[in-house]
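Enquirer: I have a structure I would like to understand better, so I am pasting it below and will then ask my questions one at a time.
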Amino acid sequence: MLDLINEILQTLRHNKLRTALTGIAVAWGIFMLIVLLGVSRGLYNSMQRNSSIEANSSMSVWNGWTSMPFKGYKEGRWIRMVESDMDEITRHPGDHIESAMGAVSISDSKIKSMRDYISGEISGVYPGAEVSERLKITHGRFITQRDMDERRKVMVLRDESARLLFGTEEKAVGSRVDCMGLSWMVVGVYEDKWQRTTYVPFTTAMMLNGNDGRLYNITVKLHDMKDAEDAAAAERRVREALATAHEFDPDDMGAIHVWNRFENYIQQQTVSTILNTVVWVIGLLTMLSGIVGVSNIMFVSVRERTHEIGVRRAIGAKPRSILVQVLAESVAITALFGYAGVFLGILVTEVIDRLFGTTDVLYNPRVDISIAVQVTVVLVIVGALAGLFPAIKATKVKPVEALRDE
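Right, dumping it as structure tokens:
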């Protein structure tokens with residue numbers, strides 16, 4: 008083993024410039040592969056962070072206008088969902104439909120505190136909206152079933168709204184505000200960069216709306232979802248249920264608007280898989296130039312050492328030992344410069360993580376131990392492939408002809 012290592016080191020020292028130039032190509036290929044894998048992982052983590060299988064096992068339904076005539080009704084009819092539609096959806100046959108949660112909207116309402124006031128939309132929701140709306144509660148809690156049952160006047164504010172009304176989010180929880188002529192208690196604060204909705208119990212909002220039963224939208228919770236076919240079947244059943252209740256054609260896509268989150272989730276997972284595959288293909292193609300370079304070096308090395316190989320064969324060296332030596336040299340060159348590329352790639356991904364690692368676009372774009380293991384396997388395979396044909400050529404050298412070679 009020590010003799011083999013010494014021979015490899017001697018070969019590297021003998022062809023310093025040629026080995027270095029070829030090794031740089033290998034290092035660059037591995038470097039690009041690591042950086043691309045890190046960025047790809049950051050995009051994937053960002054998508055997974057903003058979604059989960061539980062949050063995506065649902066669909067949201069909004070009111071719409073009919074675009075097709077049906078049973079004597081003309082197109083252009085406004086379909087307005089009501090509270091009884093939730094029962095209609097859950098009664099409708101379908102193994103994937105678990106429950107339905109309505110939401111009612113109270114627009115342009117002022118919320119006042121002793122410090123300041125805000126105006127905006129108030130949404131009456133079920134407790135399950137915390138998951139379906141992907142809300143991140145930072146202080147306090149969200150709406151509970153007890154709030155619903157007792158029609159409590161409680162609110163969940165956005166973090167920015169809480170700071171405007173009370174100075175800090177901590178002070179907001181447990182404090183009271185005035186809204187619609189009533190006193191409300193703030194029970195929670197959520198963090199969000201885009202929406203400014205204030206959430207209250209669904210039953211309380213319905214009571215304040217005069218209990219007319221009209222809904223802004225319905226969120227249907229699904230279960231046992233596996234693929235796009237399940238998502239399409241669940242959506243079809245929801246459309247059929249509402250079509251029966253409001254007398255419109257189930258194939259009328261305009262009558263109600265459906266956002267099938269699980270279908271989007273499946274598409275997102277497919278895109279992630281394709282992205283990861285493309286990254287590996289690009290990285291391996293980039294490494295191809297390095298592979299060719301290493302292979303050429305080994306061919307030249309075998310040619311230069313023809314006489315040496317002939318002597319070794321003449322004194323009894325087996326073809327297997329020659330094969331192992333050439334392959335070992337090839338793997339050593341590839342691994343040495345490859346790990347230099349791995350180190351630089353990890354260094355760059357750490358810099359990217361420091362700059363963009365907490366954003367919504369790239370979350371934690373760093374490579375983990377599994378990627379390092381995969382790259383190690385790639386390096387060994389690449390090195391072996393690069394030296395395979397030169398090694399085979401070396402084993403075919405005839406001792407008599409090699410000893411004549413000058």
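Count the sequence shown with this note's numbering and you get residues 8 to 413, in order.
All C-beta atoms in this analysis are idealised placements derived from N, C-alpha and C, irrespective of residue type, glycine included.
Assuming Leu171 is part of the alpha helix (DSSP H), what are its boundary residues?
Expert: Start and end: Asp166 to Phe173.
Enquirer: Whole angstroms is fine: what's the gap from Thr93's alpha carbon to Thr280's?
Expert: The sequence as given places Met at residue 93; Thr does not occur at that position. C-alpha separation (whole angstroms): 36 Å.
Enquirer: Do Asn224 and Ser67 come within 8 Å of each other at the CB atom, strictly closer than that value?
Expert: It is a contact, given that the beta carbons lie within the stated cut-off.
Enquirer: On the CB-based measure, 16 or more other CB atoms within 10 Å of its CB, does Gln332 come out buried or exposed?
Expert: The residue is buried, with at least 16 neighbouring Cβ atoms inside 10 Å.
Enquirer: Does the count of Cβ pairs from the region 242-260 and the region 129-138 closer than 8 Å reach three?
Expert: Not touching, per the Cβ criterion.
Enquirer: Can you give the beta carbon distance from Leu172 to Ser120, rounded, assuming they're within the 8 Å contact cut?
Expert: Sure, about 4 Å apart at Cβ, within 8 Å.
Enquirer: May I ask which residues mark the beginning and end of the alpha helix (DSSP H) holding Arg183?
Expert: From DSSP, Arg183 is part of no alpha helix (DSSP H) but of the beta strand (DSSP E) over Arg183 to Cys186.
Enquirer: Going by other Cβ atoms of all chains shown within 10 Å of its Cβ, with 16 needed for buried, is Thr175 buried or exposed?
Expert: Flag for Thr175 reads exposed.
Enquirer: Cutting at 6 Å between CB atoms, please list the residues of its own chain near Arg203, excluding the five before and the five after it.
Expert: So the qualifying residues of the chain are Gly127 and Arg165.
Enquirer: Residue range of the beta strand (DSSP E) that Leu249 falls in?
Expert: Looking at the DSSP string, Leu249 is not in any beta strand (DSSP E); the run it does join, the alpha helix (DSSP H), is Ala235 to His253.
Enquirer: Under the rule that 16 or more other beta-carbon atoms within 10 Å means buried, what is Ser190, buried or exposed?
Expert: Flag for Ser190 reads exposed.
Enquirer: Does at least one heavy atom of the ligand ATP sit under 7 Å from the Cβ of Pro76?
Expert: Ligands displayed in this structure: none; no statement on the ligand ATP is therefore possible.
Enquirer: Nearest by alpha-carbon distance to Asp360: which of Arg170, Ser47, Thr26 and Ile31 is it?
Expert: Closest option to Asp360, Cα to Cα, is Ser47.
Enquirer: Can at least three beta-carbon pairs, one atom from the region 177-195 and one from the region 224-244, be found at a separation below 8 Å?
Expert: The answer is no - the region 224-244 does not touch the region 177-195, with fewer than three Cβ pairs under 8 Å.
Enquirer: What is the rounded straight-line gap between the Cα of Asn216 and the Cα of Met187?
Expert: The straight-line gap from Cα to Cα measures roughly 11 Å.
Enquirer: Look up Met88 in the DSSP assignment and say whether it is helix, strand or coil.
Expert: Coil, per DSSP.
Enquirer: Can you find at least 3 beta carbon pairs, one from the region 32-44 and one from the region 335-344, that sit closer than 8 Å?
Expert: With a cut-off of 8 Å, the region 335-344 and the region 32-44 count as touching, because enough Cβ pairs lie within range.
Enquirer: Could you spell out the range, first to last residue, of the alpha helix (DSSP H) harbouring Val138?
Expert: Unbroken alpha helix (DSSP H) run through Val138: Ala136 to Ser139.
Enquirer: With three or more beta-carbon pairs closer than 8 Å as the criterion, would you say the region 207-214 touches the region 147-159?
Expert: Short answer: they touch.
Enquirer: What does a CB cutoff of less than 7 Å around Asp123 pick up in its chain, not counting 5 residues either side in sequence?
Expert: Closer than 7 Å at Cβ, skipping near neighbours: Leu171 and Leu172.
Enquirer: Can you give the Cα-Cα distance for Lys143 and Thr29, rounded to whole angstroms?
Expert: Between Lys143 and Thr29, the C-alpha separation is close to 51 Å.
Enquirer: In its own chain, which residues sit with a C-beta less than 8 Å from the C-beta of Ser168, not counting the 5 before and 5 after it?
Expert: Correct list, in chain order: Ile118, Ile125, Gly127, Arg203 and Thr205.
Enquirer: Would you give the residue range spanned by the alpha helix (DSSP H) that Leu215 belongs to?
Expert: Residues Phe209 to Leu215.
Enquirer: At the level of alpha carbons, what is the spacing between Arg243 and Val42?
Expert: Each residue's Cα considered, the two are about 43 Å apart.
Enquirer: Is it buried or exposed, Leu362, if we count other Cβ atoms within 10 angstroms and call 16 or more buried?
Expert: Its Cβ having fewer than 16 others within 10 Å, Leu362 is exposed.
Enquirer: In whole angstroms, what separates the C-alpha of Val245 from that of Ala107?
Expert: Cα to Cα, the separation comes out at about 10 Å.
Enquirer: What separation, rounded to the nearest whole angstrom, lies between the Cα atoms of Leu235 and Glu90?
Expert: Note on identity: in this sequence residue 235 is Ala, with Leu being the wrong assignment. Distance between the alpha carbons of Ala235 and Glu90 is about 29 Å.
Enquirer: Which residue comes first and which comes last in the beta strand (DSSP E) that contains Lys325?
Expert: Careful: Lys325 lies outside any beta strand (DSSP E) and carries neither H nor E.
Enquirer: For the alpha helix (DSSP H) that contains Lys178, what are its first and last residues?
Expert: Note, Lys178: alpha helix (DSSP H), Glu176 to Ala179.
Enquirer: Do you know offhand how far Lys233's Cα is from Val265's?
Expert: The straight-line gap from Cα to Cα measures roughly 19 Å.
Enquirer: Should Ser328 be labelled buried (16 or more other beta-carbon atoms within 10 Å of its own) or exposed?
Expert: Label assigned to Ser328: exposed.
Enquirer: Taking the alpha carbon of Ser139 as the point to measure from, which residue in Gly290, Gln274, Arg268 and Leu292 has its own alpha carbon closest?
Expert: The option with the nearest alpha carbon to Ser139 is Arg268.
Enquirer: Please check the pair Trp72 and Trp85, which I expect to be a contact at CB under 8 Å, by giving their CB distance rounded to whole angstroms.
Expert: The Cβ separation is near 6 Å, so the contact holds.
Enquirer: Comparing C-alpha positions only, which one of Ser377, Glu177, Gly135 and Ser53 sits nearest to His146?
Expert: The residue with the shortest Cα to Cα distance from His146 is Glu177.
Enquirer: How close, in whole Å, do the beta carbons of Ile353 and Leu229 come, if the pair is a contact with beta carbons under 8 Å?
Expert: At roughly 40 Å, the Cβ-Cβ gap does not stay under 8 Å, so Ile353 and Leu229 are not in contact.
Enquirer: Classify Gly290: buried if its beta carbon has 16 or more other beta carbons within 10 angstroms, exposed otherwise.
Expert: Flag for Gly290 reads buried.
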